[in-house]
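So for the sequence shown, this note's numbering puts the first residue at 751; every next one is plus one.
Glycine included, each C-beta is placed from N, C-alpha and C at the ideal position.
Quick caveat, the model's predicted, so the values are computed rather than measured.
Take a look at the structure set out below.
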Amino acid sequence: VDIHTLGNWLGTSEDLANHLRPLFLKLISMAIDRGFYVAVVTFSGQTKLIANVLRIAFPKYIDLICIRGNDGSWSYNGQSSENGKQRHMASAAEELRSRFINAKITRATTLLIDDDTNNIKTALHEGGRAVWFDPKNPNIWIDNLLKL
Numbered sequence: 751v752d753i754h755t756l757g758n759w760l761g762t763s764e765d766l767a768n769h770l771r772p773l774f775l776k777l778i779s780m781a782i783d784r785g786f787y788v789a790v791v792t793f794s795g796q797t798k799l800i801a802n803v804l805r806i807a808f809p810k811y812i813d814l815i816c817i818r819g820n821d822g823s824w825s826y827n828g829q830s831s832e833n834g835k836q837r838h839m840a841s842a843a844e845e846l847r848s849r850f851i852n853a854k855i856t857r858a859t860t861l862l863i864d865d866d867t868n869n870i871k872t873a874l875h876e877g878g879r880a881v882w883f884d885p886k887n888p889n890i891w892i893d894n895l896l897k898l
């Protein structure tokens, strides 16, 4: 989204859906159409709100998107790092692999796109792939993605 909710959005799902970046609306649809698996990982505990926003934005794809937030609805007992969004991502990968039997999701095939440089650094340090999304310069991340 093009605003920071601070994990405490008080408006409606529809209002928040209006803040989705057009770039990501296109990217998520294109990725799913091309056979990529998509997960939204967040430190927000408002995962029901996020699910509703995604349902509004991607009604055709909502059943294909996994969401992991800090709402206590999931756990991960594997060997993933406690830092950054690593546990969120590992749990989402497990769910996607269980939902889609042929899904070959590994750390090497996973890409984190995030606006927090600490999450990016952690993902890279843990051997993952990550691209920083600079909210002040939203189109530069495409150049960074192409460098991978």
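Rounded separation between residue i and residue j - CA only
{"i": "Cys-816", "j": "Glu-845", "result": "8 Å"}
{"i": "Ala-873", "j": "Trp-824", "result": "20 Å"}
{"i": "Ile-863", "j": "Phe-850", "result": "22 Å"}
{"i": "Phe-774", "j": "Gln-829", "result": "30 Å"}
{"i": "Ile-782", "j": "Phe-808", "result": "11 Å"}
{"i": "His-838", "j": "Met-780", "result": "23 Å"}
{"i": "Leu-898", "j": "Leu-770", "result": "25 Å"}
{"i": "Ile-855", "j": "Arg-847", "result": "7 Å"}
Inter-residue CB distance, residue i and residue j (contact presumed, cutoff 8 Å)
{"i": "Glu-764", "j": "Ile-800", "result": "Not quite, the Cβ-Cβ distance comes to about 13 Å (not below 8 Å), so this is no contact."}
{"i": "Thr-867", "j": "Trp-882", "result": "6 Å"}
{"i": "Ala-789", "j": "Arg-818", "result": "6 Å"}
{"i": "Lys-835", "j": "Asn-869", "result": "5 Å"}
Residue closest to residue i, alpha-carbon to alpha-carbon, out of the options
{"i": "Asp-752", "options": "Ile-890, Asn-889 and Pro-885", "result": "Pro-885"}
{"i": "Lys-796", "options": "Asp-821, Lys-854 and Ala-880", "result": "For clarity, residue 796 is Gln in the given sequence; the question names Lys instead. Here the closest residue by C-alpha is Asp-821."}
{"i": "Leu-756", "options": "Pro-888, Thr-792, Ile-855 and Asn-889", "result": "Thr-792"}
6 Å Cβ shell around residue i - same chain, five flanking residues per side excluded
{"i": "Gly-877", "result": "Arg-857"}
{"i": "Leu-895", "result": "Val-881"}
{"i": "Asn-833", "result": "Thr-872"}
Residues near residue i in its chain [Cβ-Cβ closer than 7 Å; skip 5 each side]
{"i": "Asn-802", "result": "Ser-763"}
{"i": "Asp-893", "result": "none"}
Distance cut-off 8 Å: residue i Cβ against heavy atoms of the ligand PLP
{"i": "Leu-846", "result": "As far as ligands go, the structure on display features none, and thus does not contain the ligand PLP."}
> Where in the region 861-888 do unbroken runs of the beta strand (DSSP E), each at least 3 residues long, occur, reported from the N-terminal end onward?
Replying inline: 861-864 and 879-882
>> If we require 3 or more residues per run, which beta strand (DSSP E) segments fall completely within the region 761-791?
In response: 788-791
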